[in-house]
Amino acid sequence: MTPAMQSLVAFGAGKVILLGEHSVVYGYPAIAGPLTIGVVARGVASRSCVLDVPVTADAAQKRMMRKAFARAAKLVGEPKVKVTLEPQLPLSAGLGSSAALAVATSRVLLQAAGQAPTAKATARLAWEMEQEFHGTPSGVDHTTSAEEKLILYRRVQAPAGVTGRARELKSPRPVSVVVALAGARSPTKLTVGALRERQARWPERYKRLFGQVGRLVADAAKAVETGDLEGLGDAMNVNQGLLNALGLSSPALEDMVFRLRSLGALGAKFTGAGGDGGAVIGLFPEPEPVVAQLTRDGVRCFASQLAGPRVQGDIP
Ligand code: MEV
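With my numbering applied, the sequence shown closes on residue 532, and no number is skipped along the way.
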């Protein structure tokens, strides 16, 4: 760490996947956008390159964070910096907390090593950390966090370091979601691993389902770009049906999906890994009254605008 950089602060955004989680691991496209909440990383000069893990993390999470940090630190020459993490997101809730952590940490490490924390350099280093967290990630989480835009993403088999291609999706209308937490979260590694076993056993059946999701994503990307929120919502609803068919949903997630639809969501689905619980998103032209209602009912939730002319920030 150079003397000019006595104290460094960097942010990594959380994310929601609008459509296409899981099938994105197999090379099909997905749409994902950044949250305005995420993880803040702070770096101060230190005698060694060290990570101060968040107190809210459990023992397994702390172990993984240290391993991921060591891998990234080594790649930038272990600059003498102590990195402290402040998560603003619930950890392991399907909102990209590990990617946000990887991006924030990578930005601090790069700066401490005297390198520019460009979106590309950040994504490359964060990708190394993500592999420790997830095993075989598609790269959509950390790419969304590093780019901080609503993107159409596709994983590509490419030279080391490049994990996927991303194109920004712009919308003439605000694309806003309510994010609600439901049930007890399943680790991403578990849901991804269980699906991998099923698809290896019945490859043709699962290929057909992934292909259907891929088509929905293409339709949804057009809907975003033309401001067709009703069309986007319908694609999200059908995507939820296919996620259920892929064996990735649960009663807690389905209940929340139907609850959001009963509150007027144009489309609702779980986002991220799925399993026993996690995060559910509903597309709402006016999310604030829905957040107020759900909060009164004791649901942990917030609103986030993912694209379009800016009308609001996140509601914590
Ligand atoms: C997790 O946020 C998204 C998954 O598709 C896994 C991945 O893309 O690596 C379930």
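C-beta atoms are modelled at their ideal positions from N, C-alpha and C, and glycine is treated no differently.
Boundaries (first-last residue) of the beta strand (DSSP E) holding residue i
i: Ala484; result: 483-487
i: Ser520; result: 517-523
i: Tyr369; result: 367-371
i: Arg401; result: Premise fails: Arg401 is in no beta strand (DSSP E) and is neither H nor E.
i: Asp268; result: 266-268
Beta-carbon spacing of residue i, residue j below 7 Å
i: Val496; j: Leu464; result: no
i: Pro250; j: Arg370; result: no
i: Ala316; j: Ser361; result: yes
i: Val395; j: His358; result: no
i: Leu458; j: Val433; result: no
i: Gly380; j: Gly493; result: no
i: Gly443; j: Ser387; result: yes
i: Leu366; j: Ala523; result: yes
i: Leu368; j: Ile247; result: yes
i: Cys265; j: Glu294; result: yes
i: Leu235; j: Ala436; result: yes
i: Phe227; j: Val256; result: yes
i: Lys283; j: Ser262; result: no
i: Val292; j: Ala329; result: yes
i: Ser313; j: Leu305; result: yes
i: Gly310; j: Thr487; result: yes
Same chain, Cβ closer than 8 Å to residue i, five either side skipped, listed in chain order
i: Pro532; result: In this predicted model, Pro532 has a pLDDT of only 45, less than 50, meaning its place in the structure is not dependable; the value taken from the coordinates is given anyway. So the list reads Ile253, Phe518, once near-sequence residues are dropped.
i: Val408; result: His238, Val241, His350, Gly351, Thr352, Ala489
i: Thr338; result: Val319, Ser322, Arg323, Leu326, Ala362
i: Asp268; result: Lys298, Val299, Thr300, Leu301
i: Asn453; result: Arg477, Gly483, Ala484, Lys485
i: Leu425; result: Ser239, Leu458, Ala461, Leu462
i: Val372; result: Gly243, Val378, Thr379, Gly380, Arg381
Bridge-paired residues (DSSP) for residue i
i: Lys231; result: Pro250
i: Ala382; result: Tyr369
i: Pro303; result: Val255
i: Gly498; result: Val394, Ala484
i: Lys296; result: DSSP, once it has assigned bridges, lists no residue as partnering Lys296.
i: Val225; result: Arg258
Beta-carbon proximity list for residue i, same chain, < 6 Å, skipping 5 on both sides
i: Arg258; result: Val225, Thr300
i: Gly449; result: Leu482, Gly483, Leu499
i: Arg516; result: Leu397
i: Pro202; result: The structure shown does not extend to residue 202, since the chain spans only 217 to 532, so no value can be given for it.
i: Gln158; result: As shown, the chain starts at 217 and ends at 532. That puts residue 158 outside it, with no answer to give.
i: Ser308; result: Arg401
i: Ser466; result: Asp492
i: Val506; result: Val394, Leu479, Phe500
i: Pro503; result: Ser392, Val394, Ala519
i: Arg477; result: Ala484
i: Glu260; result: Residue identity check: residue 260 is Val in the sequence provided, not Glu. Same-chain partners within the cutoff: Ser223, Lys298.
Segment limits, alpha helix (DSSP H) that includes residue i
i: Ser361; result: 356-363
i: Ala398; result: Premise fails: Ala398 lies in the beta strand (DSSP E), 391-398, not in any alpha helix (DSSP H).
i: His350; result: 335-350
i: Gln428; result: 419-442
i: Ala276; result: 275-291
i: Gly457; result: 445-461
i: Pro388; result: Looking at the DSSP string, Pro388 is not in any alpha helix (DSSP H), and its letter there is neither H nor E.
i: Ala332; result: Careful: Ala332 lies outside any alpha helix (DSSP H) and carries neither H nor E.
i: Arg477; result: 467-478
i: Thr511; result: 504-512
Contacting residues, own chain, Cβ-Cβ under 7 Å from residue i (five flanking each side not counted)
i: Ala439; result: Gly447, Leu448, Ala451
i: Pro390; result: Gln521, Gly524, Pro525, Val527
i: Arg534; result: Because the chain in this structure spans residues 217 to 532, residue 534 falls outside the shown range and cannot be described.
i: Ala273; result: Met281, Leu307
i: Cys512; result: It should be pointed out that residue 512 corresponds to Arg in this sequence rather than to Cys. Taken in chain order, the list of residues that qualify is empty.
i: Leu385; result: Ile247, Leu366, Ile367, Leu368, Ala437, Val440, Glu441, Ala523
i: Gly514; result: none
Practice problem: Decide if the stretch 270-281 is in contact with the stretch 228-235; the criterion is three or more beta carbon pairs, one per stretch, under 8 Å apart. | Solution: Judged by Cβ distances under 8 Å, the stretch 270-281 makes no contact with the stretch 228-235, as fewer than three pairs qualify.
Quiz item: Are at least three pairs of beta-carbons, each pair with one atom in the stretch 283-292 and one in the stretch 333-347, less than 8 Å apart?
Solution: Yes: at least three Cβ pairs fall under 8 Å.
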